[in-house]
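Residue numbers (the working numbering): 15 to 126. Ideal Cβ positions, reconstructed from N, Cα and C, are used throughout, including at glycine. Notes follow the structure.
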Amino acid sequence: MPNVIGLIRTIREAKPTTPIIVMSPIVSPDRETAPNAVGFTLAEMRDEVHRAASLLRDAGDHNLYLIDGRTVIGEKDAHVMPDGLHPDDAGYALMAERFADRVRALNLSLPS
């Protein structure tokens, strides 16, 4: 989590009024509960991203937004990830459409 917080703080220092949108990892069924090389599961990584965003918002960064990656590519979308991890062309198109929908729903105003 310190790396996620550090990255967001670095961006925030450079752009104090710009909305920042963080998206947690999309679903990868085989990796949700299987530890990676450093012992971290995808579910744990997603939780860390969510916690980091919550901590920063609680600390006063009200221009920080979180999109849950599972709402962009979820369990029912496994058919667009032939290797179980990376979306294919149709998957990336679906991902872009859903991500754009979620960003539009935030109704953000950008600084001039």
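Simplified DSSP state of residue i, which is helix, strand or coil
i	result
M109	helix
I25	helix
V86	coil
L122	coil
V36	strand
L99	coil
Contacting residues, own chain, Cβ-Cβ under 8 Å from residue i (five flanking each side not counted)
i	result
L99	S42, D44, R45
I19	A66, L69, L70
V55	Residue 55 is actually Thr in this sequence, not Val. Here the set comprises R45, E46, T47, A48, P49.
Where the alpha helix (DSSP H) containing residue i begins and where it ends
i	result
V41	Note, V41: premise wrong, no alpha helix (DSSP H); not H, not E.
V63	56-72
C-beta contact flag for residue i and residue j at 8 Å
i	j	result
R23	I34	no
Close Cβ partners of residue i (< 7 Å) along its chain, the five nearest in sequence each way excluded
i	result
M59	P39
Would the region 78-95 and the region 114-125 be scored as touching if the rule is three or more Cβ pairs under 8 Å? Contact between the region 78-95 and the region 114-125 is present, with at least three C-beta pairs closer than 8 Å.
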